[in-house]
Structures are given as structure tokens and as C-alpha cells.
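Residue numbers (full-length UniProt numbering): 1 to 392.
Here a beta-carbon is modelled for each residue, glycine too, at the ideal position from N, C-alpha and C.
Values in this document were obtained by computation on a predicted structure and should not be read as measured data.
Notes follow the structure.
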Ligand SMILES: Cc1cc2nc3c(=O)[nH]c(=O)nc-3n(C[C@H](O)[C@H](O)[C@H](O)COP(=O)(O)OP(=O)(O)OC[C@H]3O[C@@H](n4cnc5c(N)ncnc54)[C@H](O)[C@@H]3O)c2cc1C
């Protein structure tokens, strides 16, 4: 049985990024991936906040469009338009990008094993059993579960994680109806705290999807309604359909156990407000690589707990704010949402959102709205009363 310094389960974007960090430091790294081809099928809208440029390598060839702004649509189609001068986000070719990140890990020295499905992990001894006829085993000083939303590594020591369902279509509206650098976001109380999106790939094609607590059948009904109702999407031809799962952020989740840590979707490192997992996953890959390095250098796996502490220090406050926003949205009816959009228009919030809005951290905007006394004025009365008690 071969022993590695680190074995990473899952060659998704987060696992590959972590593997690269460790291989660059000279550790012997194995990546075990159950698929034969990385990145397929596509299960992502591919929208990454501008922070991506700071926390990972993103060559221009994988950027389909830079995004400078968004049209935010209420249920009755009151539209708030927000924008920045510089790109706030990028729409990426996710399949190509996943393959690129895996190749970077290989180029740094990691060994990638495709078609290697991990069946079980013994956290105490760092032994991984692969699903094949011979029940092959490999071992590692540290095992990293980066195996996505239904992580077998996580399930060895965590209860099953609750998830949102996500559905997405690739559509063509057959005319130049999209501004390529503007995404459309739609709120609808049936899917709250999730939402719907249309992310243009060109002036006539877009990824249109939603994430929510409703089942796939209901998601499809709501998505079809959106296509039928909204002027920019009317008459669209559906070219492809994708379905996926987004784990719910869970502050109680155990991320470190003996020789094992969890990363990315396997660790539920997903922003509660948007369901996006890449930016947070990449940041956590960096944080984890530092703690795993120290633990390996000191031959002390108890030091892996530093990963959890550093992760908490960096994200705890932001996640708390996002969970609050999430809870507020969950409790709003369509009438409440309509009221909120109308009030936001009245108080000139488009400018404030444009200035303080950030795809990856909502706390600066929430704080600014609170400071200016806008936060409570935009919420229906009953709700502001409930929230003011939450805020204290
Ligand atoms: C419809 C949809 C839209 C989304 N849009 C966005 C977006 O716009 N922006 C954003 O930031 N995030 C988005 N997300 C979330 C994002 O896709 C995930 O957060 C991201 O893929 C997590 O990366 P990961 O590497 O942790 O996990 P994954 O990408 O899930 O990779 C896990 C890997 O592990 C492998 N694996 C699983 N089990 C095993 C096993 N037993 N043995 C070996 N290998 C295994 C899988 O095959 C896979 O390759 C979206 C998700 C969905 C479903």
C-alpha cells in the first residue's frame, strides 16, 4: 500500500487547487477522482466574483464575459439597475477551468488518478479504500475530502448534509437581447432564500437557472414560467438542461477529524446568500494548505485543528450576516418583496448598492444600509420589528 503525504479525494476546482498548493511546497500528493473526465457534466452558472483574481489563477481564455452590473427584478418586474465601473465578476467556462486547475496541480507534481472512486476512509489511520474489484487501498498522512456535496469522506463522521436543488438551462433567445456585461437576478418567494438568474454568454444566449428548497419538478415549472413571463427571455429555445445540488452552509459541521479535513462543497463552504462555493472554497484551500503544511512538518495531526480556527476567524462574521439575510428573505412574501423593491427605488438605493454591493461579502452593504437608516425602512413593518430584535 503506497503512502502519500497528502491524498485529496475529488479533482473538483477546490481539490485541485489545494493539491497544487501542497505539491508546490514539495509534498507528495495523490488526487483520487471518480470521474473519467474532469468537469463534466457542467453543474455551475460559472459566475465568479472579482476576488477570484486575487485568490486563484484565472487565465483570460476561460473568461466568457466580464460582468460590470446586474438588473435585479422583483416578482412584478420592478427593476433595480446596479453597476460598477470595473468588472465585479466574471462568467467563466467552468468545464475548461476545472480541467485547467487539475492540470496545474499535475504540473506542480501531484499525481492524478481518474476513474478512482473512493468508497471509505479510515480517519484514524488515513487509509482510503477504493471501489474496484481488488478493493485497493492507499494511505496518506493527511486525507482531504474535497469530494463535493455528497462527500463520502464527510459522511464518515458527519450526518447527511441538507441541500438546495439547482436547475439550469442553456437558452438562445434568437435575437440580441442581452447586455453581455449585465446579469439578471430575479426574486420569487417560492424559491426564497434562493433566487433565479440569467447570465448572458453572448447577446442572445444565457445560462438561466435557480437554486431553492423546492424539488426538481417544481424548479422546472418555475424556470419555465420565468422564460414565458420575462421580456428578455420570452420565446427562448432551450438548448441544454442541467440539474445539480448545492449544500446548505452548516456551522455545526465537523471539518477536522483525526487525519482528515474537509474542503469546499464537502465542507459546506458555500455562501448562504448566493449558493456560490468557488471563491470561499479557493480561500479555504489556501488556509488549509498552511495548516496541513505545519501539521506535516511537525508530524502532528492535532495541528490540523488550526485550519478550522483560521477558517472560522476569516469567515465567521460574514457568514453570520449572510445567514441573517438568508433568514429575512426566507420569510418574505411576494408582496413584501415588491414593497422592498419599491422602497429601494424611492430611497435611491441603486446608487448605494452599486457603491457598497459585493458579490462575495454582503456585510459592508448591510452595514451601510443600517447606518443610513435604510435597512428598516425597506422592510415590511412586522419584519423590521423582528429583525431589530435579531440585530440587538
Ligand atoms: C446549478 C449550479 C450553479 C452554480 N453556480 C455557481 C456560480 O455561479 N458560482 C460559484 O461560485 N458556485 C456556483 N455553484 C457551486 C459550485 O459549483 C460548487 O461550490 C463548486 O463546484 C465546489 O467545488 P468542489 O471542488 O468543492 O466540489 P465539486 O466541484 O463538486 O467537485 C468534487 C469532485 O469530487 C469528485 N468525487 C465525488 N465523490 C467522489 C468519490 N467518492 N471518490 C472520488 N471522487 C469523488 C467529483 O466527481 C468531483 O469531481 C453552482 C452550483 C450549481 C449546482
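For residue 210, no alpha helix (DSSP H) run applies; the uninterrupted beta strand (DSSP E) run containing it begins and ends at 205-212, by DSSP. Taking residue 25 as the centre and dropping the five residues before and after it, the same chain places the C-beta of 293 closer than 7 angstroms to its C-beta, in chain order. Residue 270 carries a coil assignment under DSSP once its states are collapsed to helix, strand and coil. Residue state for residue 100 is assigned as helix, using DSSP reduced to three classes. Residue burial is scored here from C-beta neighbours: residue 315 has at least 16 other C-beta atoms within 10 angstroms and is therefore classed as buried.
Residue 225: member of the alpha helix (DSSP H) spanning 216-229, first to last residue.
Within 10 angstroms of the beta-carbon of residue 55 lie 16 or more other beta-carbons, which makes it buried. Residue state for residue 73 is assigned as strand, using DSSP reduced to three classes.
A distance below 6 angstroms between beta-carbons, with the five flanking residues on each side excluded, links residue 20 to the following residues of its chain, in chain order: 104, 105 and 108. Put simply, of 38, 239, 58 and 198 the residue whose alpha carbon is nearest the alpha carbon of residue 73 is 198.
Taking 8 angstroms as the cut-off, the beta carbon of residue 172 is found no closer than this to the beta carbon of residue 68.
Using a cutoff of 7 angstroms, the CB of residue 284 does not count as near ligand 1, since none of the ligand's heavy atoms is closer than that.
By the criterion of at least three beta-carbon pairs nearer than 8 angstroms, the region 178-193 is not in contact with the region 144-151.
Secondary-structure assignment with DSSP links residue 145 through a beta bridge to 9 and 262. Around the beta carbon of residue 159, a 10 Å sphere encloses fewer than 16 other beta carbons of the protein chains shown; the residue is thus reported as exposed.
Burial is judged here by how many other beta carbons sit within 10 angstroms of a residue's own beta carbon; residue 238 has fewer than 16 and is exposed. By the neighbour-count criterion, in which 16 or more other beta carbons inside 10 Å mark a residue as buried, residue 317 falls on the exposed side. 8 angstroms or more divides the Cβ of residue 240 from the Cβ of residue 301.
Using a Cβ-Cβ distance cut-off of 8 angstroms, the region 214-226 and the region 161-169 are in contact, since at least three pairs of beta carbons, one from each stretch, lie closer than that value. In the pairwise beta carbon analysis, the region 122-140 is classified as not touching the region 200-210: fewer than three pairs are separated by under 8 angstroms.
Contact between the region 260-276 and the region 26-35 is absent: fewer than 3 CB-CB pairs across the two stretches fall below 8 angstroms.
For residue 297, the enclosing alpha helix (DSSP H) begins and ends at 278-297. Taking every protein chain shown into account, the CB of residue 4 has 16 or more other CB atoms within 10 angstroms, so this residue is buried. Residue 82 sits close to residue 350, with the two beta carbons spaced by under 8 angstroms. The three-state secondary structure of residue 81, taken from DSSP, is strand.
Residue 311 sits close to residue 284, with the two beta carbons spaced by under 8 angstroms. Relative to ligand 1, residue 50 has its C-beta separated by 7 angstroms or more from all heavy atoms. When the beta-carbon positions are compared, residue 92 and residue 58 come within less than 8 angstroms of each other. In the three-state DSSP reduction, residue 242 falls in the strand class (E or B). With at least 16 other beta carbons inside 10 angstroms of its own, residue 326 counts as buried. For residue 166, the enclosing beta strand (DSSP E) has its first and last residue at 163-172. Residue nearest to residue 232 within the set 116, 12, 177 and 46 is 177 (criterion: CA-CA distance). For residue 166, the shortest separation between its Cβ and any heavy atom of ligand 1 lies below 7 angstroms.
Taking C-alpha positions only, residue 215 is separated from residue 246 by approximately 13 angstroms. Sorting 50, 175, 39 and 124 by C-alpha distance to the C-alpha of residue 153 places 124 at the top.
Counting other Cβ atoms within 10 Å of its Cβ, residue 372 stays below 16 and is therefore classed as exposed.
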